[in-house]
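Peer 1:
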Amino acid sequence: PAALEKAERYRLLNEPGEAESICLDILQVDPENQHAIIMLLLALTDRFTKGYGVSDTQIKELLGRIRDDYERAYYSGIFAERRAKAKLAQHTPDCRFQAYDLFREAMGCFEKAEAARPVGNDDALLRWNTCARIIERNKLVAREEEEPIEFPLE
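Note that the working numbering has the sequence shown beginning at 921, numbered continuously upward.
#1: Reducing DSSP to helix, strand and coil, say where residue 995 ends up.
#2: Leaving aside the five residues before and after residue 1034 along the sequence, list all residues of the same chain whose C-beta is less than 8 Å from its C-beta, in chain order.
#3: Are the segment 987 to 1000 and the segment 956 to 975 in contact at 8 Å, needing three or more beta carbon pairs?
#4: Taking all protein chains shown into account, do 16 or more other C-beta atoms lie within 10 angstroms of the C-beta of residue 1005, making it buried, or fewer, making it exposed?
#5: In whole angstroms, what is the alpha-carbon distance linking residue 950 and residue 992?
#6: Quick check: residue 956 and residue 946, are their CB atoms within less than 7 Å of each other?
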């Protein structure tokens, strides 16, 4: 417990690398420690906005290790939401469409979490609302499907 508290403190101090290292140490000894898995996932997603390369594969592997259906859906939503925010901050030609798709993915995850939520826990609903407001505030839209170009045969 003390190590997890220290990892959380490092996350709150905006030191995700240190939090990640502590979580990896905990998981070396207790590979199924749910709190350490979730803390590691959060530490990794904290890095999205810092420009670090973070493997989606590693995060998806961690999500697969979360036993509770609500938490798996909720943290899947957190993953997609944070990836969307990082995409939006890139200011590349395609980033707005990618961010929209990721926010919608996050909202779908939060809807699943909402259906499995513990009584009185509105976290998933609040995150869903945040995603909706970001989409609205930034006027994000889905990419229009392109009409296929047909070339006449001669």
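Cβ coordinates follow ideal geometry from the N, Cα and C atoms, glycine included.
As the structure is a computational prediction, the values presented were derived from the model and not from experiment.
Peer 2: This is what the structure holds:
#1: Looking at residue 995 - three-state DSSP - the assignment turns out to be helix.
#2: Excluding residues within five positions, the ones whose Cβ falls inside 8 Å are 1044, 1045, 1048.
#3: Yes: at least three Cβ pairs fall under 8 Å.
#4: Residue 1005 should be labelled buried.
#5: For residue 950 and residue 992, the distance between alpha carbons rounds to 19 Å.
#6: Taking a C-beta distance under 7 Å as the contact criterion, residue 956 and residue 946 qualify as a contact pair.
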